Amino acid sequence: MSVVEWTRHRLFGATEDPVSLRGAFRTIGVTSLVSVILVTTLFPLYWTVNTSFKPAPETQTFPPTFVPETFTVSPYVDILTGAGSSVLVNSVIVSVGATAIAMLIGVPAGYAYARNPGKVGGKHLAFWILSLRMFPPIAPILPLFFMFRQVGMIDTYPTMMLLYLTFNVPLVVWLMRSFFQDIPQAVEEAAIMDGYSRLEAFFKVSLPLVSPGIVTTTLLVWIFSWNEFQFALVFTRNAAQTYPVIIPSLVGGHATLWNQVAALSVLAMIPIIVISLLMQKRLVRGLTLGAVKG
Amino acid sequence: MASSSDDTQAHRSTGLSSYVRNEHLEYWFAIPALLILLALVIFPMLWSLWTSFTDLNLSVATRNGAFVGLANYADLLTSERFWTTIGNTAYYVGFGVAIEFTLGFAIALFMANYTRGRVTTVLFTLLLLPMMMAPIVAGLIWRLLFQESFGPINYLLGAVGVGQPPWLSSTAMSLNSVLIADIWQWTPFMILILYTGRLSISEDLYEAARIDGADRWFTFRHVTLPQMKGVIAIAILLRAMDAFKFFDKMFVMTGGGPGTSSELATYYNYLLGFDSFSMGKATAMSWLLLLFAVVLANVFLSVLERGEGGDRVV
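Here the protein sequences come in this chain order: A and B.
Counting from 1, one number per residue, gives the positions in the first sequence under UniProt numbering.
Counting from 1, one number per residue, gives the positions in the second sequence under UniProt numbering.
Now the structure itself:
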């Protein structure tokens, strides 16, 4: 078996073309293009991981080191014993709380708009809810800041969880509407014939059937809350400060802690990587607001 | 079936609870969401609209919200900085989305035609990573890469003799550097959506084209492109709205500088509110930005609504 043939076999499994010069060129072309895509995507991520394991002076040497010369985990220790652990804990609390509330409020509404939009303002109100998600965040931030400041509720967990409802609820309503629409109404009707009330049919029949959709929506909402920056920048100071806010402050000014900020970024990315591995194609539907069903 | 008829008996109750459970279920299900959105978005935005006609400034005690008519709007529309930041945003959204779409479409079609099995799965998974991470982290990563004196990009460019461009410190390049980071983060979004859209086209259509002896270009032009119209519109509009909304990457990479060379409109709006505390002018600017967002959103919704006639857009 030639190298080209072997590579092709490993990469693409059996192909119908017989091994030929043309096939060989094609394999080389495809392999190099795939490699270019992978390197471009991954190099920036690699560089961050690389930086996060260097001692501070080594982050500013020329030429830069493509593998840490002195491998150290002290950037992780330093950031976690410094500002890092409290912002990560805050981020976990705010993002989990925000997601839970958004799901509690949004899932039933999504169901209502899937089953009987006519009773709750019609399809146009559903579209209007979705359009709220397209506001630039700064637009609601300005009046909300003024209001929350008046009642002295800046920089608290409940405030952040509440604020994140402004963009999470529209997303949950819209996505869950799309997922509930996939479940034939006939299964609920059958349950109602068996004596369930509509509320029981919802809890015992529809909700279990839609659980993959709930998982997708929950994870997506969580990611958006975990990554949120503009609201956190305006509404948090200390007590509720989340990790995206301290990243720019760590690289501002003269004392630039490149290795520590890289370590914090790596830590913040870990859950994202896990979720990406778990969700794969289901994310596409979520990210297109249910329009593209993978 | 005995138990189910017992259930029937049990639930023939009358009164409020069955009323809530049955006839008005949708109503009770939708009310919390609608109330929350009313309280957290609609009411504040009405306050914001009113404020945009006043001189409210949180740092000047005498400017406590007197009505000034359209003065804030007039100030903005005649200010050079306003138009600079609008121009920057137009450039950022326009070029960003155009490049991301072109690259993404090409790679999506490449993947659909040439990669199989495990390679596709690996590509798919790895491409998810950039777009799932916080834009602020993506911006930070590119700030590391673009370091002028010791970053890896300038080292490699220097090694091949291109020189060391001042990526973030030159007015000519700063916005383009932020754009590069945006393209890195969001081209995968285009790839994945367009790839999914391409795969949902029935193979029969390609088979028919093959039988008719259509060449590749003809097949692309008359099968792929028309079949993917809906997905393409969705991908472009979603991306345009997001590129317009967020200033996260710009914030961490350049802070809008040098000068205002990379300052985006949403960031200028932020500064008006939280740097100069002039709420009147800031709310006026957000209403101007909202007008643009509403236009984009309406186009998007009409595409989506057309798709709802059938059961899906793709």
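Every residue, glycine too, gets a C-beta built ideally from N, C-alpha and C.
From a predicted model like this one, the values you see are computed outputs, not experimental measurements.
Applying a beta-carbon distance threshold of less than 9 Å, which residues of chain A neighbour residue i?
| i | result |
| --- | --- |
| V223/B | The premise fails here: V223/B is roughly 18 Å from chain A at the closest Cβ pair, so nothing lies under 9 Å. |
| S261/B | Under the 9 Å cutoff, chain A gives no residues; its nearest Cβ is about 18 Å from S261/B. |
Establish whether the CB of residue i and some CB of chain B are separated by less than 9 Å.
| i | result |
| --- | --- |
| M103/A | no |
| residue 301/A | Not covered by the structure: residue 301/A. The range shown for chain A is 1 to 294. |
| G252/A | yes |
| residue 353/A | For residue 353/A there is no data in the structure shown, the boundaries of chain A being 1 and 294. |
| Y157/A | no |
| F66/A | yes |
| V284/A | yes |
| Y76/A | no |
| P208/A | no |
| P95/A | In the sequence under discussion, the amino acid at residue 95/A is Ser, which differs from the Pro named in the question. No, no contact with chain B. |
State the Cα-Cα distance for the pair residue i and residue j, rounded to the nearest angstrom.
| i | j | result |
| --- | --- | --- |
| M147/A | T54/B | 16 Å |
| A106/B | I191/B | 8 Å |
| L237/B | P188/B | 15 Å |
| S32/A | Y46/A | 20 Å |
| R12/B | V205/A | Low per-residue confidence applies at R12/B: pLDDT is 48, beneath 50, and the placement is therefore not dependable, though the value from the model is reported in the following sentence. When rounded, the distance between both Cα atoms is 20 Å. |
| V292/A | V137/B | 27 Å |
| T260/B | T84/B | 8 Å |
| R143/B | S276/A | 24 Å |
| L250/A | L126/B | 28 Å |
| P75/A | Q241/A | 21 Å |
| L219/A | V96/A | 10 Å |
| V60/B | G152/A | 20 Å |
| T256/A | L140/B | 12 Å |
| Q185/A | L209/A | 12 Å |
| A39/B | I211/B | 60 Å |
| G286/A | S48/B | 31 Å |
Looking only at its own chain, which residues have a Cβ that is under 7 Å from the Cβ of residue i, when we skip the five neighbours before and after it?
| i | result |
| --- | --- |
| R63/B | D55, L56, N57 |
| L163/A | L144, F231, F235 |
| L179/B | Y92, F95, G96 |
| V266/A | T48, V49, S52 |
| S5/B | Unreliable placement is indicated for S5/B, whose pLDDT of 43 sits below 50; the coordinate value is still reported in the next sentence. Around S5/B: no qualifying Cβ. |
| A83/A | I246 |
| W167/B | F146, E148, M173, S177 |
Anyone know if the C-beta pair for residue i and residue j falls short of 9 Å?
| i | j | result |
| --- | --- | --- |
| F135/A | V41/B | yes |
| F82/B | M250/B | no |
| F292/B | A233/B | no |
| V92/A | A109/A | no |
| A209/B | F218/B | yes |
| P244/A | F224/A | no |
| L125/A | Y113/A | yes |
| I193/B | V34/A | no |
For chain A, check one thing: does any of its Cβ atoms lie closer than 9 Å to the Cβ of residue i?
| i | result |
| --- | --- |
| N88/B | no |
| A66/B | no |
| N57/B | no |
| V119/B | yes |
| L175/B | no |
| N269/B | yes |
| I234/B | yes |
Mind listing the chain B neighbours of residue i? Cutoff is C-beta to C-beta under 7 Å, in chain order.
| i | result |
| --- | --- |
| R22/A | Per Cβ cutoff of 7 Å: no residues; R22/A is ~14 Å from chain B at best. |
| N116/A | E26 |
Please return the same chain residues whose Cβ sits closer than 8 Å to the Cβ of residue i, not counting the five positions on each side in sequence.
| i | result |
| --- | --- |
| I105/A | L165, V169, V172 |
| T72/A | F53, K54, P55 |
| T159/A | F148, M153, F235, A240 |
Closer than 7 Å by beta-carbon distance: list the chain A residues that pair up with residue i, in chain order.
| i | result |
| --- | --- |
| F251/B | P248 |
| F110/B | L33 |
| K245/B | P136, P137 |
| Y114/B | V30 |
What residues from chain A crowd round residue i, counting only those whose CB sits closer than 8 Å?
| i | result |
| --- | --- |
| V178/B | Simply none; closest approach about 13 Å. |
| W186/B | What W186/B touches in chain A: nothing, since even the nearest Cβ is about 11 Å away. |
| R143/B | V251 |
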